[in-house]
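Below you'll find the structure, written out as structure tokens, and then a few comments.
Chains as they are written, first to last, in this note's numbering: chain A, 1 to 518; chain B, 519 to 837.
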């Protein structure tokens, strides 16, 4: 790719105003054929809006210009975007699970013979594209039976089949394992080498490093700048994204907490399938990390301890007292709380107010006789939580569904903190929150540990685990494989964790820093 | 922008009240007999039993469930109430608690199947709709039971300071329901289970207990409905009594803006929904429309009103 070459896609002075909100302001972007162009920015920075303008889901305000191969074009809807050679693969895949691969690829453009669909032509045309991508499934496979990674392949095949020249991918690795991610990356490079321009949206620094040729950053709806591969560095990207340097991003540099007595001891816990004979101890005032690849049983372990799923063996002691946990309520009453990784599915009540969401666990304890709510106390709790955690919301009566990811996470966290827990298990505490809220959540974790709470943090992001934890347990295939940090004497490094997580010794690993993306 | 936002906010709080008012004005113009103390009292009495059932239904639908069995449970409870009312002297009064207890019993049975065996509410209560109807017939050997000398007949026919007891009971049920839903732990737990059962469980809500309770409440209120009906008729009949009452109750709840998905809705909406149905029934008779057309018009109004509601809600959700 040479800079002198004319970009295949140029956007200039793109603005988009929604009633009351300026989502984009004078944004520009240029992508060349044969490059992987990453697009970064906090949640709400305008990445999705920009991509939706390209895909025809939104129309930009008048005054901006989009050029393809130097020629100005108007994108008035999804069809004209398709005609311009633009294809989008969204985070939530848009396939019909009840149709076959071929039917999905040809959806809306079915080859016909008279009044009938020409199935033979469809199957053949589809098989050709699938072969090119090296897919292991055929055109007649039902999409519903495919894994998420395979469904993504179908989406890519559909884009290829439509002769797309600009492919937009929005956080494509969110639901993939690390092996699937590697395969996807290889495919993306292959598409680039074949001359496609790829716009890649991601929150994950590691992916940006590994994949991108250039990286553009948006902040608050404005274009901040573009870095070439040689200029990429985490500090620089973060500074561009938040507009300031983040010092002590995770916690006070190098400080470890003073671990006290054992707060929780779990022995021999398992469900006979996904978690086997897990033992762990966490002390008061300590942050214990649990690392492992996706699917290694981290969340399952946490849910077993918390009583969300049924365990077949094992016991939990809190403050050296055996507690019989059969349902989440028992755990909460014993001082153990769990922050779910699935904020919307298992955490929040989106149609209920911040007040209700914050108080939900405490309503029962706070209630006066006969289960009548103590309304004054409830509103006080809600207001205090908003102030203490810096939740940005107009008032406690606002529905949680209207809040941004980071503020939703803080609401969920404050619900747990209201119980004054002894042990706090946080499962992916910063998933889907912007970088500002991230650093605030790290600060909360740090101060909780300072105040003597035992904190367990589960995370897929290694820098996060390494940054916040005093000690890290690593899981692999349902078993706690080992420990780094603390008394083990092994330093907490990506290499040490990955060696345990994958079962491969560090020396055998080709590029240890990069295989961590998932 | 701001102005229309305020109007939308107002519409949201008012819910279906404008529809009820429009229907009332319409009938007042069409028939001069509609607006009279006597007729309004009749409307309120006609609404009362459906309101009691609909209040219970509101609890159930708020948890994303449904209770199709209330009509049959009402019949069984009415049978028990009439049979018990034949006990000598004041002992006949036990018909009231026994009728309610019958309803609670069948409600808890529904609730247990739904909460513990995790069966879908639609299937469970569809089954008990049929089975409890059979029980109701069994209770009177498939005959109509009478008691012309009922101790609690005042419930169905008497009045307190000019207000019929039926109406007083219905409003008391609505008020207590409001209190439970808005001012107690159980109420928040009901909304939370309907809004997101997974999150409710992880937050320490005993979901099974909430489900058991709402079906128990629905059954108990159907039982109370049975007592009210039997007191009004001095009789009960296992075969016909309460047939398809569940549909009017569900219609009242849905007209009131409570979402079938669970977690969204209010008892005030149900009150208005119940009155819309009662006013329609009463008004169409006054205007002299044949009962065949009454069915057709009532059905269309229900669909139209809910369609209007949907349109209104999607309008306000847009930013």
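In this text, a Cβ means the ideal position worked out from N, Cα and C, and glycines have one as well.
Go through its chain and collect everything with a Cβ distance to residue i's Cβ below 7 Å, but skip five positions before and after it.
i	result
residue 360 of chain A	415
residue 631 of chain B	637, 642
residue 63 of chain A	13, 15
residue 188 of chain A	36, 198, 211
residue 761 of chain B	589
residue 332 of chain A	361, 419
On a Cα-Cα basis, can you pick out the residue from the options that is closest to residue i?
i	options	result
residue 338 of chain A	A/298, A/182, A/191	A/298
residue 355 of chain A	A/404, A/321, A/398, A/329	A/398
residue 469 of chain A	A/283, A/92, A/212, A/433	A/283
residue 814 of chain B	B/829, B/828, B/795	B/795
residue 26 of chain A	A/33, A/14, A/32	A/14
residue 71 of chain A	A/329, A/374, A/9, A/373	A/9
residue 615 of chain B	B/607, B/600, B/587	B/600
residue 549 of chain B	B/656, B/800, B/824	B/800
residue 778 of chain B	B/822, B/828, B/735	B/828
residue 456 of chain A	A/358, A/103, A/259	A/259
residue 585 of chain B	B/783, B/668, B/767	B/767
residue 740 of chain B	B/575, B/681, B/665	B/575
residue 272 of chain A	A/309, A/113, A/498, A/138	A/309
Mind reading off the beta-carbon distance from residue i to residue j? Whole number of angstroms is fine, and I expect it under 8 Å.
i	j	result
residue 143 of chain A	residue 96 of chain A	7 Å
residue 533 of chain B	residue 790 of chain B	6 Å
residue 152 of chain A	residue 89 of chain A	7 Å
residue 348 of chain A	residue 408 of chain A	6 Å
residue 274 of chain A	residue 300 of chain A	4 Å
residue 423 of chain A	residue 285 of chain A	Residue 423 of chain A to residue 285 of chain A, Cβ: 12 Å. No contact.
residue 418 of chain A	residue 352 of chain A	Incorrect: roughly 15 Å between the Cβ atoms, too far for contact.
residue 663 of chain B	residue 754 of chain B	6 Å
residue 87 of chain A	residue 167 of chain A	5 Å
residue 233 of chain A	residue 501 of chain A	Incorrect: roughly 25 Å between the Cβ atoms, too far for contact.
residue 40 of chain A	residue 241 of chain A	6 Å
residue 433 of chain A	residue 467 of chain A	Going by Cβ atoms, the distance from residue 433 of chain A to residue 467 of chain A rounds to 15 Å, so no, they are not a contact pair.
residue 11 of chain A	residue 75 of chain A	About 10 Å separates the two Cβ atoms, so there is no contact after all.
residue 629 of chain B	residue 734 of chain B	6 Å
Who are the Cβ neighbours of residue i in its own chain at under 6 Å, not counting the five residues just before and after it?
i	result
residue 624 of chain B	591, 650, 737
residue 253 of chain A	Residue placement at residue 253 of chain A is flagged as unreliable, the pLDDT there being 43, under the threshold of 50; a coordinate-derived value is accordingly withheld.
residue 453 of chain A	424
residue 480 of chain A	278, 473
residue 148 of chain A	175
In three-state DSSP terms, what is residue i?
i	result
residue 463 of chain A	helix
residue 120 of chain A	helix
residue 75 of chain A	coil
residue 581 of chain A	There is no way to answer for residue 581 of chain A, as the model of chain A reaches only from 1 to 518.
residue 736 of chain B	helix
residue 766 of chain B	helix
residue 18 of chain A	strand
residue 220 of chain A	coil
residue 210 of chain A	helix
residue 275 of chain A	coil
residue 643 of chain B	helix
residue 10 of chain A	strand
residue 28 of chain A	strand
residue 612 of chain B	helix
residue 260 of chain A	coil
residue 709 of chain B	helix
residue 313 of chain A	strand
residue 399 of chain A	strand
residue 328 of chain A	helix
Excluding the five sequence neighbours on either side, which residues of its own chain have a C-beta within less than 8 Å of the C-beta of residue i, listed in chain order?
i	result
residue 826 of chain B	537
residue 535 of chain B	790
residue 379 of chain A	355, 396
residue 746 of chain B	566, 567, 570, 673, 674, 684, 687
residue 364 of chain A	371
residue 324 of chain A	330
The segment 192-209 of chain A in contact with the segment 160-180 of chain A per 3-pair CB rule at 8 Å: By the Cβ test, the segment 192-209 of chain A is in contact with the segment 160-180 of chain A, since at least three Cβ pairs between them sit closer than 8 Å.
Could you tell me whether the segment 466-477 of chain A touches the segment 271-289 of chain A, where touching means 3 or more Cβ pairs closer than 8 Å? Contact between the segment 466-477 of chain A and the segment 271-289 of chain A is established, with three or more Cβ pairs separated by less than 8 Å.
If contact is defined by three or more beta carbon pairs under 8 Å, each pair taking one atom from either stretch, is the segment 707-715 of chain B in contact with the segment 572-590 of chain B? Taking 8 Å as the limit for Cβ pairs, the verdict is that the segment 707-715 of chain B does touch the segment 572-590 of chain B.
Three or more beta-carbon pairs under 8 Å between the segment 795-806 of chain B and the segment 555-563 of chain B, yes or no? These segments touch.
Touch check for the segment 768-788 of chain B and the segment 719-730 of chain B: three-plus C-beta pairs under 8 Å? No contact exists between the segment 768-788 of chain B and the segment 719-730 of chain B.
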